[in-house]
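The sequence shown begins at 0 in numbering that gives the first Met the number 0 and counts up one residue at a time. Note that the Cβ used here is the ideal one computed from N, Cα and C, for glycine as well. Small disclaimer: the values here were computed from a predicted structure and weren't measured. Before any comments, here is the structure.
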Amino acid sequence: MPDEKRKLHPETEGIIASASTQSVLFPDCSVDMGVDLAGVPLKNPVVVASGTFGFGREYGQFFTLSELGGICCKGLTLHSREGNPPPRIAETPLGILNSVGLQNPGVDVFIEHELPFLRQYDVKVIANISGNTPEEYGEMCEKLSAAGVDMIEVNISCPNVKAGGLAYGTRPELAAEVTKMAKSHSSVPVMVKLSPNVTDITEIAKAVADAGADALSLINTLRGMRIDVNTRRPILKMNTGGLSGPAVLPVAVRMVWEVASVVKLPILGMGGVTTGEDAAQLMLAGASAVAVGTALFADPYAPLKVRDSLAEIAAKQGLDAVHNLTGGVNLW
């Protein structure tokens, strides 16, 4: 049961004990931390990114999930998936490569077992979905919106089996097709997650906006590869994987700025956020809220530290509300 006391690994208990004196509360300032993401009110602009936080149970041992603005849940598919064979995680300078392969219990199990757990907390629940056909996206949107999630994040970096495995997010017409299907089957806001692995991300953004998306999230991971020079084999079993972490932050900031310049949709910015300054960069570039992902693997308190640092930055700049950072970049 969610309220049962869990037996923690001794190392985990040590981490919690050593961190017990850390502040997980907002600093003493008058900044309004509330933001609006496509009509979904967030108590603060910090969300945890899909695929890095599971369904919150593990990180909930460190702090109450109500401290967060929102949770982008582990990516869901219509049916359960085992994911890719290991090795499927590899460290890189200032980041990691992953090819986990969307391991998840399936949308029905999430609705039955994980969503009730999350609903114990005062936090917005954003369900992330992946599909192989537009119809799969539609079916999941129908189930999840009926179950009462606050928003659906549509991952369009998935292969379209009807288009020979070409990812939805690489062609404007394919991105628009899945967006329309998701919107027609959802009663909650639909946020489309854009892939950076394209020539011009603004073309995808405009197609998705024209198809009715309520918000955009970006960036997803950059495709990368590492090779063991001794064995001459790729380190990841699937040869390539998605690069995330601090190394991708400048790419994320640039793409958020480009997209915010051509569409008027709210943006959830992500990609390498480790500090409050990182988050502020994305907001200044045009993001309404930010997501913390890979940083969680090194520090479970990272999203709370980012939140508090954002408040301090806004206060030092004389802002009465953190949302005033959005789009505030002064270009040369």
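Should residue i go down as buried or exposed, given a rule of 16 or more other Cβ atoms within 10 Å for buried?
i: Ser65; result: exposed
i: Gly317; result: exposed
i: Ala89; result: buried
i: Ser260; result: exposed
i: Leu413; result: Nothing in the structure corresponds to residue 413, since the chain is present only between 0 and 331.
i: Arg306; result: buried
i: Pro133; result: buried
i: Gly327; result: exposed
i: Glu111; result: exposed
i: Asn43; result: buried
i: Asp199; result: exposed
i: Leu24; result: At Leu24 the pLDDT is 47, less than 50, meaning the model places this residue with poor confidence and gives no usable figure here.
i: Glu81; result: exposed
i: Val228; result: exposed
Note down the Cα distance separating residue i from residue j, rounded to an integer number of angstroms.
i: Lys182; j: Gly94; result: 34 Å
i: Tyr58; j: Lys315; result: 30 Å
i: Phe109; j: Gly50; result: 14 Å
i: Lys192; j: Val124; result: 16 Å
i: Gly74; j: Pro299; result: 20 Å
i: Gly275; j: Val187; result: 29 Å
i: Ala313; j: Val39; result: 22 Å
i: Ser29; j: Ala320; result: 8 Å
i: Glu257; j: Gly285; result: 9 Å
i: Pro104; j: Asn154; result: 17 Å
i: Thr201; j: Val272; result: 22 Å
i: Lys142; j: Leu165; result: 26 Å
i: Arg56; j: Phe62; result: 10 Å
i: Phe54; j: Cys72; result: 5 Å
i: Ala297; j: Thr91; result: 14 Å
i: Leu117; j: Leu77; result: 20 Å
i: Glu311; j: Asp31; result: 11 Å
i: Gln119; j: Phe52; result: 17 Å
i: Ala204; j: Lys236; result: 32 Å
i: Ala16; j: Thr325; result: Because Ala16 sits at a pLDDT of 38, beneath the cut-off of 50, its placement in the model cannot be relied upon, and the point is left open.
i: Gln60; j: Lys304; result: 17 Å
i: Arg231; j: Met139; result: 41 Å
i: Ser79; j: Cys157; result: 16 Å
i: Gly33; j: Asp277; result: 19 Å
i: Asn238; j: Gln102; result: 18 Å
i: Val106; j: Gly211; result: 23 Å
i: Leu41; j: Ala175; result: 27 Å
Comparing alpha-carbon positions, which option in the options lies nearest residue i?
i: Met150; options: Ser308, Ile70, Arg253, Pro302; result: Ile70
i: Ser144; options: Ser156, His184, Lys123, Thr201; result: His184
i: Leu283; options: Tyr300, Val39, Asn323; result: Asn323
i: Leu264; options: Ala37, Ser29, Gly33; result: Ala37
i: Met180; options: Ala166, Val255, Gly130, Gly68; result: Gly130
i: Gly68; options: Gly53, Ile200, Asp35, Ile234; result: Asp35
i: Tyr136; options: Pro115, Val177, Ala166; result: Val177
i: Ser98; options: Leu165, Ala174, Pro85, Glu311; result: Pro85
i: Gly147; options: Ser79, Arg87, Leu114; result: Leu114
i: Asp209; options: Val262, Met32, Phe54; result: Val262
i: Ser243; options: Leu41, Pro233, Pro249, Leu221; result: Leu221
i: Leu248; options: Ala175, Ala290, Met237, Ser156; result: Ala290
i: Leu152; options: Asp213, Ala175, Pro233, Asn238; result: A small fix is needed here, since residue 152 is Glu in this sequence, not Leu. Selected option, being the one with the closest Cα: Asp213.
i: Arg87; options: Leu41, Ile234, Cys140; result: Ile234
Is the beta carbon of residue i less than 8 Å from the beta carbon of residue j?
i: Val122; j: Pro302; result: no
i: Gly100; j: Asn127; result: no
i: Pro195; j: Ile226; result: no
i: Val197; j: Gly168; result: yes
i: Leu281; j: Ala251; result: yes
i: Met254; j: Ala48; result: no
i: Ala206; j: Pro171; result: yes
i: Gly292; j: Leu96; result: no
i: Met190; j: Leu173; result: no
i: Ala288; j: Leu309; result: no
I'd like to know whether the C-beta of residue i is nearer than 8 Å to at least one C-beta of chain B.
i: Val45; result: Absent from the structure: chain B. Only one protein chain is present.
Can you check the region 39-79 for any beta strand (DSSP E) of at least 3 residues that lies completely inside it and give the ranges in chain order? Counting whole runs of 3 or more residues, the region 39-79 contains the beta strand (DSSP E) stretches 39-41, 45-47, 69-71.
Counting only runs that start and end within the region 88-152, where is the beta strand (DSSP E) found for 3 or more residues in a row? Complete beta strand (DSSP E) runs here, min 3: 88-91, 94-97, 123-128.
Just to confirm the assignment: which complete alpha helix (DSSP H) runs, minimum length 4, are found wholly within the region 261-292? 275-284
Residue ranges of each beta strand (DSSP E) within the region 214-248, 3 or longer: For the region 214-248, whole beta strand (DSSP E) runs of length 3 or above, ordered along the chain, are 214-217, 221-223, 240-243.
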